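To keep things clear, I will list the structure first and then write my remarks on it.
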Amino acid sequence: MGFETTVLLLTWVAIALLAFVVSGLVRRVHHLGTGVRTAELGPAPGSAAPQFGRLTAGLSPGPSPGPSPGRADRTLLLFLDADCGVCPQVLAELRDVLDGSGRTLPVAALFADRALEGGHEGIEVFAGEAGLFEEYRIPAVPFAVLADGSGRVRTARPVGSPGALRDLLETVLETLPETAVGRQHAPVDGGTP
């Protein structure tokens, strides 16, 4: 075999290898273009909030009725855990934002197992709600679901820091007139408001 034949053979081998590499890259780019499909976090906006009537039965709409009699315009469902390190800070931030704004919002704090010992005064507390965490597809705590008076989810997102909860609440509170927001309630676990 001569020099020219060897070079020609090596050139064709290099072209074949390059074709395989380009083919693999095109396949990867196509895969990236289709996007990664992951399960949604929490319920989708516009969907019905599971067991909303049961969770809001004890919450009062305040001085001005919402879209339906006996129900507030918006309700915050806050999913927490007693062993969560940031959950007490998120609850404290909730109280600070509501107190600082001069407005209140019906809030239900939901715990998969046992509730926090304190820090939830004036908030409706539901302990032992692990099944509800599954129904709402809660991936991690703290997680906030804001529902309207008809029980439709307006937004659902993780609030892994006090700042994230503050951002959500400030957006919600600035869109409501002062008289359209409900008031907080004493916990159902026998705590004092």
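Here the sequence shown stands for residues 1 to 193, where the numbers follow UniProt numbering. Don't be surprised by glycine CBs; every beta carbon is placed ideally from N, CA and C. Quick caveat: nothing in here was measured; it's all calculated off a predicted structure.
Boundaries of the beta strand (DSSP E) in which residue i is found, first to last residue
{"i": "R74", "result": "R74 to L80"}
{"i": "A44", "result": "Premise fails: A44 is in no beta strand (DSSP E) and is neither H nor E."}
{"i": "V145", "result": "F143 to D148"}
Local conformation of residue i per DSSP, three classes
{"i": "R154", "result": "strand"}
{"i": "D83", "result": "coil"}
{"i": "V159", "result": "coil"}
{"i": "L116", "result": "coil"}
{"i": "Y136", "result": "coil"}
{"i": "L173", "result": "helix"}
{"i": "Q89", "result": "helix"}
{"i": "G24", "result": "helix"}
{"i": "L168", "result": "helix"}
{"i": "L8", "result": "helix"}
{"i": "G100", "result": "helix"}
{"i": "P59", "result": "Per the sequence presented here, residue 59 reads as Leu, with Pro not at that position. L59 falls in the coil class under three-state DSSP."}
{"i": "G2", "result": "coil"}
{"i": "L18", "result": "helix"}
{"i": "V13", "result": "helix"}
{"i": "P67", "result": "Unreliable placement is indicated for P67, whose pLDDT of 40 sits below 50; no coordinate value is reported for it."}
DSSP beta-bridge partners of residue i
{"i": "V125", "result": "A109"}
C-beta atoms of residue i and residue j nearer than 8 Å
{"i": "P162", "j": "E93", "result": "yes"}
{"i": "L80", "j": "P142", "result": "yes"}
{"i": "G151", "j": "G53", "result": "yes"}
{"i": "F111", "j": "L55", "result": "no"}
{"i": "L165", "j": "V107", "result": "no"}
{"i": "V97", "j": "E174", "result": "no"}
{"i": "A109", "j": "L78", "result": "yes"}
{"i": "residue 216", "j": "G58", "result": "No information on residue 216 is available, as it lies outside the stretch 1 to 193 that the chain covers here."}
{"i": "G46", "j": "V153", "result": "yes"}
{"i": "A130", "j": "D113", "result": "yes"}
{"i": "R137", "j": "L105", "result": "no"}
{"i": "V86", "j": "G33", "result": "no"}
{"i": "A49", "j": "A82", "result": "no"}
Host alpha helix (DSSP H) of residue i (start-end)
{"i": "L55", "result": "F52 to T56"}
### Any 3 or more C-beta pairs closer than 8 Å across the segment 41-49 and the segment 131-148
yes
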